Amino acid sequence: MSNPLTLLLDTLLPGDAARWPAAGAQGLAPRMQDQARDLPGGNAALRAVLDHLPDDFAARDQMAREAVLRGIETALPHAFDTVVTAAYNAYYTDPAIRDVVAARTGFANHPPQPQGFELPPFDAARLAQVRARPPLWRPER
Amino acid sequence: MTETADIAIVGAGAAGLAFAFAVAEPGLKVVVLEAGGFVDQRQAPSLSADWELALQGAFNANPNIRKAPADYPVDDSQSAIRPAIFSAVGGSTIRWGAHFPRMRPSDFRRRSLDNVAADWPLSYGDLEPWYDLNDRMMGVSGLAGDPANPPRTERPCPPLPMCPATERLAAGFDRLGWHWWPSDAAILSRARDDRAGCNNCGPCGVGCPRHARASADIAYLDAARAKGVQLRANAVVTGLSFSSGGHAVTGLRYVDRHGSQQLSCGAVVLAGNALGNARLLGGALDHPRFGRGLMLHPTAIVTGIFDDALQSWRGPFAASIVSQEFCETDPARGFTGGFQLQALRGQGPLTTALGGYGLRLPWGEAHAAAFEDRFGRTLSLTVTCDDLPEEANRIALHDTDRDRHGLHVPRMIYRTGENSQRMLDFGIDRAREALHAAGARRIDVNPLTRNAGFHLMGTARMSADATQGVTDPYGRVYGIDCLSIVDASVFVTAAAVNPTPTLQAIALRAGDAMRKGRAQDKIPA
Ligand SMILES: Cc1cc2nc3c(=O)[nH]c(=O)nc-3n(C[C@H](O)[C@H](O)[C@H](O)COP(=O)(O)OP(=O)(O)OC[C@H]3O[C@@H](n4cnc5c(N)ncnc54)[C@H](O)[C@@H]3O)c2cc1C
Ligand code: SF4
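Line order of the protein sequences matches chains P and G. So that you can map any letter, position 139 of the first sequence is 139 in our numbering, and since no number is skipped, the others follow by simple counting. So that you can map any letter, position 262 of the second sequence is 262 in our numbering, and since no number is skipped, the others follow by simple counting.
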């Protein structure tokens, strides 16, 4: 059976069956722990949220698990927010997930540098309408 | 023996390094002291796929979260807007967006024209040559001929290009008959000297490995050093020394890795930004206006979500196009002053999921669809509002809390004034209108960006009258000889535009005047 952190991740980021993997099933629990550690108060926040999971959390379906988490979100808003941030951090920096982002959105899955992107010239003809306007600024007097 | 210098400058940010460059000359010992260290932008986080994490840590704009060794805490518990500053050689320009608009002539004459605030003791014309010099030093891309601004010299580089998102926005502005123009940007659109041209990568805020985006260190440090300026990094100035009677500054104390040091100097120039200056001066400056009249440019961010995959994460995030349709006062709008609408491009995948400029995307089953709906399909407009100098908005010092150097913790005390609130409301509606005209399917509004305390203005305003201002038009502090302030603290009004071109022009002008004044033993009137 999945451990609580994996279940928590799968509930926060369940993906969808066809395209987006669930975060826990993707094996992101250790990465999520690392991310929590790097956030201010992250370890304590993660512990607090895990401590609030009921014993039968694993037995519930996604809807029921979400309902549990909404309760925790209300009870521990700050800690929960930190945990969600750690989960998103783990998910969207995972290379396999970024491949999915690329496939689904056209995202260029490489670091921004050194490759960058083409820098086409600015087309000054686009400004014809604005250029035709009289001055919009007030002189000093 | 105590070391001596002719001029000591506190802070190696946008203002401090521009001032150092302008004041330096052979035979003059100019020392810049900077609390932070060097940031090697050649190794910027954007070389790594998980660069977005850096925005939460080492490049977080909020010093209370970042907590780097050079940072000091800021009490923002009574401020609607949180501080956004960076402590390093280059100052906050290490972290900035490089959008580079100038103030307009009317911004210096708000009392005469609109019967609010005060006129500046200098004019746009006085600053124009310094704006031009600064544009060349920083390396500005843009296009002359903008009808919303006075004519200006050819820009050093051609404008940065549009992208599918800004193309749409420009078409929307045209449809509405509103002004828009490619931003002046402190980003090279083509290579110059040892700086490469921009390659449109996007995340300028974590540093530019190509040095295409100017920061104060890249633009000014070598030139200042070539004139003999000495820079001491990781040197925190902890206090000023005064003559007996306290009417003149005679030097300063600082702490570096060797311990406590003293520097005896002919002039001390503060360029630590309004928070850093207040923290350092402590109770030493008792001018009734010092610290008061803080202006912050309250900013709303209105985001349009489009149907098409615009790939809006490409290109410099903050420097693209701007509308100055509403910058000048129009009494019929129900407020004085105006605002600019500055386009912001979309963000990376993680930042998008965390909410970008608005609310975090929902977790749970709705998440994947919400992400696909948004990522690469957004374009935002900032509603950057002119702000009036209200006395209650201020930087004060904490009575009891002190930082690890024993300096008082500065407190930001700020609420959005009535005039600014009316302007924000009106501006949000105009931004919605523009994004609708651009074809946005849905529009989200962040009515006041909390993390937008990056323009800290007006707490040591300049005036020709010592009772009305803390400094004279050259930044010299009234009542304390040999002390100057040369950053945006001296602004009299805020205008609707980002402050750095203006604060650097002021610093260059003040530095030049100090240099000439030392030569002639007087500062030009
Ligand atoms: C996220 C972000 C985006 C921005 N985008 C833009 C933009 O697009 N356009 C624009 O015009 N502006 C922008 N800004 C604002 C711009 O960065 C500032 O206006 C500018 O850097 C201010 O210059 P400064 O020299 O006054 O202060 P800073 O650049 O903040 O430099 C002050 C320096 O003084 C040092 N210092 C303070 N106290 C001491 C002390 N006691 N001893 C030693 N050193 C000390 C600090 O460490 C710091 O390095 C942005 C800022 C941020 C944070
Ligand atoms: S977008 Fe251009 S200026 Fe910004 S970091 Fe990338 S290369 Fe540098």
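Using N, Cα and C, we set each Cβ at its ideal position, and we do this for glycine too. If you're wondering where the values come from, they're calculated on a predicted model, not measured in any experiment.
Would you say the beta carbon of G:Asp487 comes nearer than 7 Å to a heavy atom of ligand 1? Within the chosen limit of 7 Å, ligand 1 reaches the beta carbon of G:Asp487 through at least one heavy atom.
If you draw a straight line from the alpha carbon of G:Thr4 to that of G:Val486, how long is it in whole angstroms? Answer to the nearest angstrom: the Cα atoms are 22 Å apart.
Simplified DSSP assignment, three categories, for P:Arg133: Three-state DSSP puts P:Arg133 in coil, outside helix and strand.
Going straight from the alpha carbon of P:Asp34 to that of P:Gly24, what length do you get? About 14 Å.
Under a CB-based cut-off of 8 Å, is G:Lys522 close to chain P? Reliability of the predicted coordinates at G:Lys522 is poor, the pLDDT of 48 falling under 50, and the value obtained from them is presented with this limitation in mind. Chain P has no Cβ within less than 8 Å of the Cβ of G:Lys522.
For ligand 1, is there a heavy atom less than 7 Å away from the beta-carbon of G:Glu34? Yes, since a heavy atom of ligand 1 falls inside the 7 Å radius drawn around the Cβ of G:Glu34.
Below-8 Å beta-carbon distance, P:Asp38 vs any chain G residue: Flagged as an interface residue toward chain G: P:Asp38, by a C-beta distance shorter than 8 Å.
Nearest to G:Arg289 (by Cα), restricted to the options G:Arg175, G:Ala58, G:Ala392 and G:Gly406: Selected option, being the one with the closest Cα: G:Ala392.
Assuming the contact rule is C-beta atoms closer than 8 Å, G:Leu310 and G:Ala343 should be a hit. Round their C-beta distance to whole Å, please. Not a contact, Cβ separation roughly 12 Å.
Beta-carbon proximity list for G:Leu47, same chain, < 8 Å, skipping 5 on both sides: Result list for G:Leu47: Pro209, in chain order.
Can you name the residues that DSSP bridges to G:Ile305? G:Ile305 pairs with G:Thr378 and G:Arg442.
Verify the CB distance criterion: does G:Asp126 have a CB-CB separation below 8 Å to chain P? By this cut-off, G:Asp126 is not an interface position.
Could you work out which residues of chain P lie near G:Gly534, taking near to mean beta carbons separated by less than 9 Å? Residue 534 of chain G lies beyond the range of chain G shown here (1 to 525); nothing can be said about it.
Between the CA atoms of G:Arg411 and G:Ser79 - distance to the nearest angstrom: Their backbone Cα atoms lie some 9 Å apart in a straight line.
At a threshold of 7 Å, does G:Ile85 count as lining ligand 1 (C-beta to nearest heavy atom)? Between ligand 1 and G:Ile85, a heavy atom-to-CB distance of less than 7 Å is present.
Just the C-alpha distance for P:Ala87 and G:Arg360, rounded to the nearest angstrom, thanks. Looking at the two C-alpha atoms, the distance is approximately 12 Å.
Using a Cβ-Cβ cut-off of less than 7 Å, give me the residues of the region 366-390 of chain G that come near chain P, in sequence order. Cβ contacts with chain P: His367, Ala368, Glu372, Phe375 and Gly376.
P:Asn3 beta carbon near ligand 2 (any heavy atom closer than 7 Å): Answer for P:Asn3: no, Cβ out of range of ligand 2.
Given 7 Å as the limit, tell me if G:Gly202 has its C-beta closer than that to any heavy atom belonging to ligand 2. Yes, the beta carbon of G:Gly202 sits closer than 7 Å to at least one heavy atom of ligand 2.
Assuming G:Asp132 is part of the alpha helix (DSSP H), what are its boundary residues? In the DSSP assignment, G:Asp132 falls within the unbroken alpha helix (DSSP H) covering Tyr124 to Met138.
Taking 7 Å as the line, does the beta carbon of G:Ala12 fall inside it for any heavy atom of ligand 1? Distances from the CB of G:Ala12 to the heavy atoms of ligand 1 include at least one below 7 Å.
For the candidate residues P:Arg65, P:Ala58, P:Leu9 and P:Ala22, whose alpha-carbon lies nearest to that of P:Leu46? Closest by alpha carbon: P:Leu9.
What do you get for G:Lys522, buried or exposed, if any count of 16 or more other CB atoms within 10 angstroms of its CB means buried? At G:Lys522 the pLDDT is 48, less than 50, meaning the model places this residue with poor confidence and gives no usable figure here.
Within the present structure, is the beta-carbon of G:Thr93 separated from the nearest heavy atom of ligand 1 by less than 7 Å? Correct: G:Thr93 has its Cβ closer than 7 Å to ligand 1.
Select from the region 301-317 of chain G all residues with a C-beta closer than 9 Å to any C-beta belonging to chain P, and list them in chain order. Residues Ala309, Gln311, Trp313, Arg314 and Gly315.
Could one say the Cβ of G:Leu160 lies closer than 8 Å to chain P's Cβ atoms, at least one of them? At a cut-off of 8 Å between beta carbons, G:Leu160 contacts chain P.
Could you say if the region 130-137 of chain G and the region 105-113 of chain G meet the contact criterion of at least three C-beta pairs nearer than 8 Å? Note that the region 130-137 of chain G does not touch the region 105-113 of chain G; fewer than 3 beta-carbon pairs, one per stretch, sit closer than 8 Å.
Whose C-beta lies closer than 6 Å to the C-beta of G:Arg422 among residues of the same chain, with five residues either side of it excluded? Result list for G:Arg422: Gly334 and Phe335, in chain order.
If you draw a straight line from the alpha carbon of G:Leu456 to that of G:Val74, how long is it in whole angstroms? One Cα belongs to G:Leu456, the other to G:Val74, and the distance between them is close to 13 Å.
How about G:Ser489 and G:Ala510: do their beta carbons lie closer than 8 Å? The beta carbons of G:Ser489 and G:Ala510 sit no closer together than 8 Å.
Examine chain G for any beta-carbon lying closer than 8 Å to the beta-carbon of P:Phe107, and answer yes or no. True, the Cβ-Cβ gap to chain G drops below 8 Å.
Taking Cβ positions only, does P:Val49 come closer than 8 Å to chain G? It does not: the Cβ of P:Val49 has no partner Cβ on chain G nearer than 8 Å.
Beta carbon proximity, G:Gln78 to chain P, threshold 8 Å: No, G:Gln78 lies away from the interface with chain P (no Cβ there is under 8 Å from its Cβ).
Backbone CA spacing between P:Glu140 and G:Arg441 [nearest angstrom]: Here the alpha carbons of G:Arg441 and P:Glu140 stand approximately 41 Å from one another.
Quick check: the region 181-199 of chain G against the region 315-330 of chain G, are at least 3 beta-carbon pairs closer than 8 Å? At 8 Å Cβ cutoff, the stretches touch.
Using DSSP with H/G/I as helix, E/B as strand and the rest coil, what is G:Val492? Looking at G:Val492 - three-state DSSP - the assignment turns out to be coil, as it is neither helix nor strand.
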